[in-house]
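The sequence shown maps to residues 3 to 320 in this note's numbering. All C-beta atoms in this analysis are idealised placements derived from N, C-alpha and C, irrespective of residue type, glycine included. Quick notes on the structure that follows.
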Amino acid sequence: MTTQRRSLLISTVVLIFLLSGAVHGFAQDLDLNFNEVDYNRIFEALGESQGLNVLVDSSVVGKGTFQLRGVTFEEALDLISYHSGFVYRIQRNTLLVATPDRLARLEDKDVRYVQVNSLGTADIYEAISLVMPRDDIYIHPEGGLVILHGPKSLLDRAEELLMALDASEAPAGHSVPASAGIQRKAYSLLRIFQDISDEMNLSLIADPALESESLYLEVSGKKPLELIKQIQKLIPVRVEITDDFLVVGSIDGDAAQRNKVYRLDYAEPASVEDALSTFIESDRIRIDEDNKSVTVRGSELELLQVDEFLADFDQPLP
C-alpha cells in the first residue's frame, strides 16, 4: 500500500490546511512548514489535522520555525516537543501540551466533554471564563463540543452553567420541556451504552473502565446508531454489533492483554478452539485435552466476549 502524503503549510499570518479530515491511527506522512509561528498555534494545527481535541496550556510561549518532510504525526510532535522544550500527552482523543511541571499538574485533573446546541464560541468562552481559566477550555472547530480540563468540582460547575445557558439560548420552536426526558447531566459511558443496548434489544458486553468516562449527551429523538456515531466522534470507543450483542470497549484499553483459563464442563476443547477462532486469532488460543481446558490471551473486552460465548457454548447436548 502506498503511504499517502499530505501537506500542511503554515505562515506567520495565515494557516492554510491541505489536510482534509481526521486521520485515525496517525498513519499518514506529513510535509510541514512552520515559519516563526507561535508554538501554541503549531501544536493546535498538528492536533486538529489529526482530528484531535487540543488543550495548550498558557505556559506554552514563544515561536518556532520547522521544515519537515515525510514525517509521521508522532515524529513531528516528538521533534517539535524536543526542540521547544514543551511536552505533550495524548489522552483519549485530546492532545495536552505544557511545560513538564505544568503537564504533571494538568494530568491530575479530569477532562469533561460537553455537547451544546445553541451557543456560539464567544458565548461559551465568556460564560465559562467566569468559573475556570480560559486556557482550560477548548472548543472543537466544528462547533457543538466543549472540552473542559480541571478538578471535578470545577467541571461540574462549568457544565451546569453551560447547560443552563444552552437551554436559555435554544430557539423557541426547538425548546423541549423537561418532561420530554432530555438528560441534563453527565452520565457514564457505561450507563449510556446500557440504555442503547436496551433500546436495541441486545445484550451488552462492555469494558468496565467505561464507568469512569462521563459524557453529557442529549438523546431525545435520536436513534441508537446515530447516538453511537455521535459518541465515537467525542470519545474513541470500539463498538461492534452482532445479532445478539452490543460490544463496547475502550480503544486505549484494548492493547493490554492477559491469559485466562477456561475449564470446560461439556464441550470438547478442539471444538471450542474452532469456534473461538472465528473472532480470536488462533495463535492466542491454547487447548489442554488432558485437563479439558482452553487458555485464551486477549484484552479485557475480548475476554468478556469469550465469557459470554462459552456460557452458551459449553452446554450439555440436548
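Self-check item: Residues that Thr74 bridges to, as DSSP identifies them
Solution: The partner list for Thr74 (beta bridge, DSSP) reads Asp31.
Practice problem: Note down, one range per segment and in chain order, each beta strand (DSSP E) of at least 3 residues found wholly within the stretch 139-169. | Solution: Correct list: 139-141, 147-152.
Quiz item: Got a sec? Which residues, its chain only, sit under 7 Å from Leu306 by beta carbon, not counting five neighbours each side?
Solution: Excluding residues up to 5 positions away in sequence, Ile207 lie with their Cβ nearer than 7 Å to the Cβ of Leu306 in the same chain.
Exercise. Report yes or no: do the stretch 63-72 and the stretch 104-120 share at least 3 C-beta pairs separated by less than 8 Å?
Key: Result no; under three Cβ-Cβ pairs closer than 8 Å.
Exercise. Specify, as a first and last residue, the run of the alpha helix (DSSP H) that Val308 falls within.
Key: 302-315 is the span of the alpha helix (DSSP H), which, as asked, contains Val308.
Quiz prompt | Beta-carbon proximity list for Met134, same chain, < 6 Å, skipping 5 on both sides | solution = The residues are Gly152, Leu156, Ala160.
Practice problem: Please name the residue in Gly251, His85, Val308, Ser284 whose C-alpha comes closest to that of Val263. | Solution: It is Val308 whose Cα lies nearest to the Cα of Val263.
Practice problem: Spell out the partners DSSP gives Tyr41 in its beta bridges. | Solution: DSSP lists no bridge partner for Tyr41.
Practice problem: Taking only the alpha-carbon atoms, compute the straight-line gap between Asp59 and Asp33 and give it to the nearest angstrom. | Solution: Going by C-alpha positions, Asp59 is about 26 Å away from Asp33.
Quiz item: What three-state label does DSSP hand Arg186 in the structure shown?
Solution: Here the model assigns Arg186 a pLDDT of 44, short of 50, so the residue's position is not dependable and the matter cannot be decided.
Quiz item: Short check: CB of Ser86 to CB of Tyr41, under 8 Å?
Solution: In this structure, Tyr41 lies closer than 8 Å to Ser86 by Cβ.
Self-check item: Residues bridged to Lys1 (per DSSP)
Solution: Residue 1 lies beyond the stretch modelled for the chain, which goes from 3 to 320, so this question has no answer here.
Practice problem: Look up Ala208 in the DSSP assignment and say whether it is helix, strand or coil. | Solution: The three-state reading of DSSP puts Ala208 in strand, counting E and B together.
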